[in-house]
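Novice: The sequence shown begins at 1 in the UniProt record's numbering and counts up one residue at a time.
I'd like to ask some things about the structure below.
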Amino acid sequence: MYHATVRQHGLLHLISPPSSTPFTPLNTVRQNTAHGIIPTCMYPMSSFPMTSDDAEQARAIQCYFADDVHLQTEDDILSFTNLMASSSESCSSLRALHLSVGKIGPAAAAALVSLLSKLRTEPSARFTSLEFDGYTEGLLSSSPDLPGAFADLTTLKTLRIDQVRTLGADMVLNMKSSLVSADLGLEVILDEGVPTLEQRCMSNPIFLLQGSQATLEKIKASGALTDDNVSYRIRYPRVRELDLDCLDIPLTYDYVRAFPNASTLSVSSIRFSGDGDMPEATRYRNANKQEQDEYGTWGALDVVTCSVLDAYLLALRCPVTILQLSLNGTGESQEWCARMLCSVLDDVHPKVLRLTMGSPRILLRPSLLSALSLERERPLETLAIVYEVTAHDTTFIVQEALMWILKELTPVPITTFELELDCKDVYAGEPNVDADGRYLHRSGGTYFIDLDLPELAREFMDFIETVTLVRISLKRHRVRKDASVVLEYDSSKNQHSEDRASEDDDQDEDEEDDRGSKDGEEHAMSQFCEPESSQAEVERMLIVEG
Numbered sequence: 001m002y003h004a005t006v007r008q009h010g011l012l013h014l015i016s017p018p019s020s021t022p023f024t025p026l027n028t029v030r031q032n033t034a035h036g037i038i039p040t041c042m043y044p045m046s047s048f049p050m051t052s053d054d055a056e057q058a059r060a061i062q063c064y065f066a067d068d069v070h071l072q073t074e075d076d077i078l079s080f081t082n083l084m085a086s087s088s089e090s091c092s093s094l095r096a097l098h099l100s101v102g103k104i105g106p107a108a109a110a111a112l113v114s115l116l117s118k119l120r121t122e123p124s125a126r127f128t129s130l131e132f133d134g135y136t137e138g139l140l141s142s143s144p145d146l147p148g149a150f151a152d153l154t155t156l157k158t159l160r161i162d163q164v165r166t167l168g169a170d171m172v173l174n175m176k177s178s179l180v181s182a183d184l185g186l187e188v189i190l191d192e193g194v195p196t197l198e199q200r201c202m203s204n205p206i207f208l209l210q211g212s213q214a215t216l217e218k219i220k221a222s223g224a225l226t227d228d229n230v231s232y233r234i235r236y237p238r239v240r241e242l243d244l245d246c247l248d249i250p251l252t253y254d255y256v257r258a259f260p261n262a263s264t265l266s267v268s269s270i271r272f273s274g275d276g277d278m279p280e281a282t283r284y285r286n287a288n289k290q291e292q293d294e295y296g297t298w299g300a301l302d303v304v305t306c307s308v309l310d311a312y313l314l315a316l317r318c319p320v321t322i323l324q325l326s327l328n329g330t331g332e333s334q335e336w337c338a339r340m341l342c343s344v345l346d347d348v349h350p351k352v353l354r355l356t357m358g359s360p361r362i363l364l365r366p367s368l369l370s371a372l373s374l375e376r377e378r379p380l381e382t383l384a385i386v387y388e389v390t391a392h393d394t395t396f397i398v399q400e401a402l403m404w405i406l407k408e409l410t411p412v413p414i415t416t417f418e419l420e421l422d423c424k425d426v427y428a429g430e431p432n433v434d435a436d437g438r439y440l441h442r443s444g445g446t447y448f449i450d451l452d453l454p455e456l457a458r459e460f461m462d463f464i465e466t467v468t469l470v471r472i473s474l475k476r477h478r479v480r481k482d483a484s485v486v487l488e489y490d491s492s493k494n495q496h497s498e499d500r501a502s503e504d505d506d507q508d509e510d511e512e513d514d515r516g517s518k519d520g521e522e523h524a525m526s527q528f529c530e531p532e533s534s535q536a537e538v539e540r541m542l543i544v545e546g
């Protein structure tokens, strides 16, 4: 005895008729559906026991009414293809097909080829999404006709493939659909360790997706290989979002030329790490800079997300509105990090700089801070620091980190400061807060239990002279969950105080200065948000601690 499941409207449900409702035979389901009648056995979010004789009928019913079908076994493929072959109307309900199965037998492969052929010859505008999990090469190798059958589909708009090797690359290259979004996990297999030109081409999304040049708007690719001796003439004028992960090395002008209208760029490369690689990295940076100066670059980018090393390699020659840099795990010394950050800020002059780090000591070094405090053509308006608190950060380290940030950022000329304290990696497992005494003392997460966020925001407002808006958020803390505070300097109140002071000739000068300053609670507006259940847990923990 087991239970049947159905993926209906993109969600996983369970089928369960009321006890008084008989199980509808498959042929009755088909007859009723043909007349627009939905069987009464389709009840989500519950279950009923089934015998093995009913299993295939149930699986077929599930697939028949699902618009988002997820096939995970060879039996799933056989049941689904058998049902779809029995009715032309069933094809019209299919919107998305998700395959999480590897190599299958000849019968299932032939049935799948037949289904794909039917979807091609009787195209439905609803069938727009195709996904493969990490078994793509095995599935495509099940029949020599499968890669071509997938490639011949014409209605797809969204494609995601976790594993793109030889057969997968050939399928993508020959696709007849006009894709809007593509997500490719490229996995080139190297015979001698050094990729050939052909292997680089078959692991380059610029080359593989050329059949959708006119329609693609979003591209995500991991494991892409590029070649600085190859010039691609392929253009994707509609692409706005470009995400390249685990890239061997970023070649900026290749992306400028192929994606001239990109507005959001995310890059993560893997070739360089550590001070020993910096001379070679600088050579690539200079080459990227020279090509952009000679041939052109983007007019501007809205958002760029990468490590400080990748931003240094890209050598962007255009302004960026929001620059999101990771300072984690690059392997370079503090001196190189400071030099790279200074160069990057001079390159793009961001309005908003968001720095993510696992250790506050990465940022709080004089050489690094000097990069933030230098005057530039377009001054930095917002500085956001994301501090990812780890299990290695003790209460002392966390407390000192906040003091360091408060002290060292005083000279940085910003108007908005944001601090995000992310506690996701502080603890392991779910604690028993009554029994586990170590919970209060073993990590820096303890410090946040009674941290006064509004008071911390006031301190930042007072110490950083140019700041008029402070946002502080505590995220994924085990006890307090998510809490946040926004403190904004009210300039209208300040102006009102100055006007009153000018009208009163007898007003003491010191008192007038005090009214006109940013100090004083009457000149700030604060918004504090924390769930009531979280506040109760804080009080409870403080009692335990006492």
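No residue lacks a Cβ here, since even glycine has one placed at the ideal position from N, Cα and C.
Which same chain residues end up closer than 6 Å to Asp-346 when comparing Cβ atoms and leaving out the 5 residues on each side of it in sequence?
Specialist: Closer than 6 Å at Cβ, skipping near neighbours: no residue.
Novice: If you follow the beta strand (DSSP E) that Tyr-489 is part of, which residue opens it and which one closes it?
Specialist: Per DSSP, Tyr-489 belongs to the beta strand (DSSP E) from 481-489.
Novice: To which residues of the same chain is Leu-242 closer than 6 Å at the C-beta, ignoring the five residues directly before and after it?
Specialist: Answer for Leu-242: Ile-219, Phe-259, Ala-262 and Leu-265, listed in chain order.
Novice: Name the residue from Ala-457, Lys-424 and Phe-463 whose alpha carbon lies nearest to the alpha carbon of Val-479.
Specialist: Selected option, being the one with the closest Cα: Lys-424.
Novice: Based on Cα-Cα distance, which residue from Pro-205, Asp-76 and Glu-418 lies nearest to Arg-458?
Specialist: The candidate whose alpha carbon is nearest that of Arg-458 is Glu-418.
Novice: Can you find the residues in the same chain that come closer than 7 Å, C-beta to C-beta, to Gly-134, ignoring five residues on each side of it along the sequence?
Specialist: Excluding residues within five positions, the ones whose Cβ falls inside 7 Å are Asp-162 and Gln-163.
Novice: Could you compute how far the alpha carbon of Leu-251 sits from the alpha carbon of Pro-413?
Specialist: The straight-line gap from Cα to Cα measures roughly 33 Å.
Novice: Let's test the definition: count the other Cβ atoms within 10 Å of the Cβ of Gln-292 and tell me whether it reaches 16, buried, or not, exposed.
Specialist: Under this definition Gln-292 is a buried residue.
Novice: Which stretch, first to last residue, makes up the alpha helix (DSSP H) that contains Arg-283?
Specialist: Its alpha helix (DSSP H) spans residues 278-295.
Novice: What number of angstroms, rounded off, separates the C-alpha of Ala-151 from the C-alpha of Leu-179?
Specialist: Whole-angstrom Cα-Cα distance: 12 Å.
Novice: Taking Cβ to Cβ, would you say Asp-67 is nearer than 8 Å to Leu-94?
Specialist: It is a contact, given that the beta carbons lie within the stated cut-off.
Novice: Taking 8 Å as the limit between beta carbons, can you name the residues of its chain near Leu-78, skipping five residues before and five after?
Specialist: Ala-107, Ala-108 and Ala-111.
Novice: Measure the Cβ-Cβ separation of Arg-476 and Asp-422 and say whether it is below 8 Å.
Specialist: Yes. Within cutoff.
Novice: Tell me the DSSP bridge mates of Met-357?
Specialist: Looking at the DSSP assignment, Met-357 forms a beta bridge with Tyr-387.
Novice: If you run the structure through DSSP and keep just helix, strand and coil, what is Phe-318?
Specialist: Position check: residue 318 holds Cys in this sequence, whereas Phe was assumed. Cys-318: coil per DSSP, three-state reduction.
Novice: Would you mind working out which of Ser-473, Ala-149 and Ser-142 sits nearest Asp-120, comparing C-alpha positions?
Specialist: It is worth fixing the name first, because residue 120 is Arg in this sequence and not Asp. Comparing Cα positions, the closest option is Ala-149.
Novice: Cα-Cα, which of Ser-117, Glu-381 and Ser-333 is closest to Thr-468?
Specialist: When each option's Cα is compared against that of Thr-468, the closest is Glu-381.
Novice: Report back the beta-carbon spacing between Ser-307 and Ser-268 to the nearest angstrom; my notes put them in contact at under 8 Å.
Specialist: At roughly 7 Å, the Cβ-Cβ gap stays under 8 Å, so Ser-307 and Ser-268 are in contact.
Novice: Just to confirm before moving on: does the CB-CB distance between Tyr-312 and Arg-354 stay below 8 Å?
Specialist: Cβ distance not < 8 Å, so Tyr-312 and Arg-354 don't count as in contact.
Novice: For Leu-186, count neighbouring C-beta atoms within 10 Å of its own C-beta (all shown protein chains included) and say buried if the count is 16 or more, exposed if not.
Specialist: The residue is buried, with at least 16 neighbouring Cβ atoms inside 10 Å.
Novice: If you run the structure through DSSP and keep just helix, strand and coil, what is Lys-475?
Specialist: Lys-475 falls in the strand class under three-state DSSP.
Novice: Can you tell me where the alpha helix (DSSP H) holding Gly-138 begins and where it ends?
Specialist: It spans 136-140 - the alpha helix (DSSP H) in which Gly-138 sits, taken as one unbroken run.
Novice: Could you round the C-beta distance between Val-188 and Leu-225 to whole angstroms and report it? I think they count as a contact, below 8 Å.
Specialist: Rounded, the Cβ-Cβ distance is 6 Å, consistent with contact.
Novice: Among Met-202, Asp-170, Leu-208 and Pro-237, whose alpha-carbon lies nearest the alpha-carbon of Ala-214?
Specialist: Ranking the options by Cα distance to Ala-214, first place goes to Pro-237.
Novice: Glu-335 and Tyr-387: beta carbons closer than 8 Å?
Specialist: Cβ atoms of Glu-335 and Tyr-387: not closer than 8 Å.
Novice: At a threshold of 7 Å, does Ala-262 count as lining the ligand FAD (C-beta to nearest heavy atom)?
Specialist: In the structure on display, the ligand FAD does not appear, and there are no ligands present to speak of.
Novice: Looking at Ser-181 and Thr-158, is the spacing between their C-beta atoms short of 8 Å?
Specialist: Taking 8 Å as the Cβ cut-off, Thr-158 and Ser-181 qualify as a contacting pair.
Novice: Kindly give me the distance between the Cβ atoms of His-349 and Arg-378, rounded to whole angstroms, as I take these residues to be in contact under 8 Å.
Specialist: Sure, about 4 Å apart at Cβ, within 8 Å.
Novice: By a C-beta neighbour count over all protein chains shown, 10 Å radius and 16 as the cutoff for buried, is Asp-452 buried or exposed?
Specialist: Asp-452 comes out exposed.
Novice: Please go through the same chain and pick out, in chain order, the residues whose beta-carbon is closer than 6 Å to the beta-carbon of Leu-372, but skip the five residues on each side of it.
Specialist: Around Leu-372: Val-412.
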